[in-house]
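Since the structure comes first, as structure tokens, the remarks are kept for the end.
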Amino acid sequence: MPLATQSLMFIPDYRFFSVRDYSAVDQPGASEALSAAHRDIITASEYEIFVVCAQDQLKIGVSVTVGDDPASFDRHGDGTVQFTVPFPTAQLHAGDAFGNAITMDLPRAGAYSVTIEHSGRERAREILSEVLPHTADLHGDELRDVLDQWAGTERYQVTLFSLE
Numbered sequence: 001m002p003l004a005t006q007s008l009m010f011i012p013d014y015r016f017f018s019v020r021d022y023s024a025v026d027q028p029g030a031s032e033a034l035s036a037a038h039r040d041i042i043t044a045s046e047y048e049i050f051v052v053c054a055q056d057q058l059k060i061g062v063s064v065t066v067g068d069d070p071a072s073f074d075r076h077g078d079g080t081v082q083f084t085v086p087f088p089t090a091q092l093h094a095g096d097a098f099g100n101a102i103t104m105d106l107p108r109a110g111a112y113s114v115t116i117e118h119s120g121r122e123r124a125r126e127i128l129s130e131v132l133p134h135t136a137d138l139h140g141d142e143l144r145d146v147l148d149q150w151a152g153t154e155r156y157q158v159t160l161f162s163l164e
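Printed below as a string of structure tokens:
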């Protein structure tokens, strides 16, 4: 059963976001995992999951759900990956390094099973290839208003449950 859910729409800086314990900054293996995510979409180091987005013009949608049972989550994405990640402070950070993030208190410190599903990646790229050629004369808020019509086309669902 889901215990808590939070969602956010944003354009991640440098076209990626991560899921980690709030305290897990610059841990060993992070740069290697991020490099692999550019090839595999989603990868993890021992402490952090990295997700490379398909594009950097449309806002992506990220939803995080914490549950108490893995059977309580339905799978509907185009791709799904699962990792085990430690959360020693029980504080989740899902977002980029520049403040676009969901932060949540988890029920307890310890290891969590983290599943990430993605959907809409190809559609977001298709939309951009169709729309951007017609927006050359738009700037700032005008361009953002046009692109925001498709905010959330590219989506990521993060689900967690404690293994302890």
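Going letter by letter, the sequence shown gives residues 1 to 164 in the UniProt record's numbering. Ideal placement from N, C-alpha and C gives every residue a C-beta, glycine not left out.
Asked: When ALA44, TYR14, VAL158 and PHE17 are compared against PRO28, the one with the closest alpha-carbon; Found: ALA44
Asked: At least 3 beta-carbon pairs within less than 8 Å: the stretch 92-112 vs the stretch 134-143; Found: no
Asked: Residue range of the alpha helix (DSSP H) that includes ILE60; Found: Careful: ILE60 lies outside any alpha helix (DSSP H), inside the beta strand (DSSP E) at 60-67.
Asked: The alpha helix (DSSP H) enclosing ALA30, as first and last residue numbers; Found: 30-40
Asked: PRO149 in three-state terms, based on DSSP; Found: Sequence check: residue 149 is Gln here, not Pro. In the structure shown, GLN149 sits in a helix (DSSP, three-state: H, G or I).
Asked: Residue(s) in a DSSP beta bridge with PRO107; Found: Note: PRO107 sits in no beta bridge, so no partner.
Asked: Top-ranked residue by Cα proximity to GLN6, from TYR22, PHE98 and VAL62; Found: VAL62
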